[in-house]
Amino acid sequence: MKYLITFITLLVVYLFLAGFVIEEVILGSFVSAVLTILLANRLNFKVDWHFPLKLIKFIFVYIPVFIWKLILANIDVARRVLSFKIPLNPGIVKVKTNLKGDLGKLTLANSITLTPGTLSIDVEDDCIYVHTIDVKKSSKDQNQKEISGPFEKILGGIFE
Amino acid sequence: MTIVSYIFLIIGAMFFLLGGLGVLRMPDTFNRIQAGTKATTLGAFSIVIGVIFGSVENHLDWIPKLIIIIVFIAISSPIGSSTIAKATYRSKNIPDNLVQDDFKKRGENQ
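Those sequence lines, one after another, are chains U and R.
Here the first sequence stands for residues 0 to 159, numbered as in numbering that gives the first Met the number 0.
Here the second sequence stands for residues 0 to 109, numbered as in numbering that gives the first Met the number 0.
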């Protein structure tokens, strides 16, 4: 299973870059087969039978939310940049996450960076340190809910 | 198709302009990184999507490559920005307008 997924990924990237011609398919499968035999044991990932389902969920649930948040983030940046006096209340807050896997944490940190007003600085065990443009003084939970809430739920369903 | 492509290219150029303005106008490093990352990521997406629409008619084989470009930008841009932010913090170049700083309390001298 691991070999198969490595092979398919390599072949798809090769064909995307080289073009879908019959000669390229033959050469590409040869190259990916050799690379798969060399690499697959050293790659550190686990796959199970839920993998295709997770991939479909990732593409159709996570990516639309992500793009919507990215557009919101850009409108937010535009609003701040174009106003005369830039409204700022910056600070670094600590956000706890329930995701376990490394890939899940990476995706969560990347999503946090690209959502409005936040920038993840470092990941440590189960905390992400986030620089945010607008700290809510009132309570810690509110910050946390606002920063990682929407993605935490979606990614929890995918990477667990 | 050409018109749609031009619209996306113009939107992307506008986001790049806003990102540049943000880098100039924001008061400290972290906020500059934020403005730079977000605006240029969506700007690059938009420009590549514009090129995709423009190449539908006579360069159909460019489209997979452009999709790969989008994926790599989406992965590498946030990682780069957060690495710069961490390096900024490590070099003790911390702006003094932070109202809250949880990052200080962790074991900084490791």
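Built from N, CA and C at the ideal position, the CB exists for glycine as well.
Could you tell me whether any Cβ in chain U is nearer than 8 Å to the Cβ of residue i?
i      : result
R/Q109 : Model confidence at R/Q109 stands at a pLDDT of 39, short of 50, so the residue's coordinates are unreliable; what they give is reported in the following sentence. By this cut-off, R/Q109 is not an interface position.
R/N30  : yes
R/A38  : yes
R/G11  : no
R/G125 : In the structure displayed, chain R extends from 0 to 109; residue 125 of chain R sits before or after that span and is not available.
R/I6   : no
R/G49  : no
R/F14  : yes
R/I67  : yes
R/A34  : yes
R/I46  : no
R/I72  : no
R/I78  : yes
R/M25  : yes
R/L17  : yes
When the cut-off is 8 Å and only beta carbons count, does residue i lie next to chain R?
i      : result
U/V64  : no
U/G100 : no
U/I85  : yes
U/I58  : no
U/H49  : no
U/L69  : yes
U/N160 : The first residue shown for chain U is 0 and the last is 159, placing residue 160 of chain U beyond what the model contains.
U/V80  : yes
U/I132 : yes
U/N73  : yes
U/A77  : yes
What residue range does the beta strand (DSSP E) around residue i cover?
i     : result
U/K93 : G90 to K95
U/L54 : Counting along the chain, U/L54 falls outside any beta strand (DSSP E), though it belongs to the alpha helix (DSSP H) covering F50 to K56.
Starting from residue i, trace the alpha helix (DSSP H) in both directions and tell me its first and last residue.
i      : result
R/I10  : T1 to R24
U/E23  : I21 to L38
U/D75  : I62 to L81
R/F71  : I62 to R89
R/V55  : First-last for R/V55: undefined, no H or E at that position.
U/L105 : D101 to T112
U/F15  : K1 to A17
Using DSSP bridges, identify the partner residues of residue i.
i      : result
R/T40  : Answer is none; R/T40 lacks a bridge partner.
U/E151 : For U/E151, which the question treats as bridged, DSSP gives no partner whatsoever.
U/L118 : U/H130
The ligand FMN and residue i: does any heavy atom of the ligand fall closer than 7 Å to the residue's C-beta?
i     : result
R/W61 : This structure lacks the ligand FMN; in fact it carries no ligand of any kind.
Evaluate the contact criterion for the region 115-122 of chain U versus the region 76-90 of chain R: three or more CB pairs, one atom per stretch, below 8 Å. Segments in contact, yes.
Taking beta-carbon pairs under 8 Å, can you tell me which members of the region 3-18 of chain U lie near chain R? Of all residues in the region 3-18 of chain U, only V12, L14, F15, L16 and G18 come within less than 8 Å of chain R when Cβ atoms are compared, listed by chain position.
Identify each residue in the region 106-123 of chain U for which the Cβ-Cβ distance to at least one residue of chain R is less than 9 Å, and report them in chain order. So the close ones are A108, N109, S110, I111, T112, L113, T114, P115, G116, T117, L118, S119, I120, D121, V122 and E123.
Which residues of the region 80-94 of chain R have a Cβ closer than 8 Å to any Cβ of chain U? Give them in chain order. The region 80-94 of chain R vs chain U, Cβ under 8 Å: S80, S81, A84, K85, Y88 and P94.
Decide yes or no for the touch test of the region 21-29 of chain R against the region 62-74 of chain R: beta carbon pairs closer than 8 Å, at least 3 of them. These segments do not touch.
Spell out a yes or no on whether the region 79-96 of chain U and the region 5-24 of chain U are touching, meaning 3 or more CB-CB pairs, one atom from each, closer than 8 Å. Taking 8 Å as the limit for Cβ pairs, the verdict is that the region 5-24 of chain U does not touch the region 79-96 of chain U.
Report yes or no: do the region 48-55 of chain R and the region 6-13 of chain U share at least 3 C-beta pairs separated by less than 8 Å? Segments in contact, no.
Flag this pair as touching only if the region 96-108 of chain U and the region 119-134 of chain U have three or more C-beta atom pairs under 8 Å; answer yes or no. Here the region 96-108 of chain U makes contact with the region 119-134 of chain U; the two share three or more CB pairs at distances below 8 Å.
Under 7 Å (Cβ pairs) to chain R, residues found in the region 25-37 of chain U: So the list is empty, because no residue satisfies the distance condition.
Is it a yes or a no for the region 86-98 of chain U touching the region 126-134 of chain U, going by three-plus beta-carbon pairs under 8 Å? Counting C-beta pairs closer than 8 Å gives three or more between the region 86-98 of chain U and the region 126-134 of chain U, which meets the contact rule.
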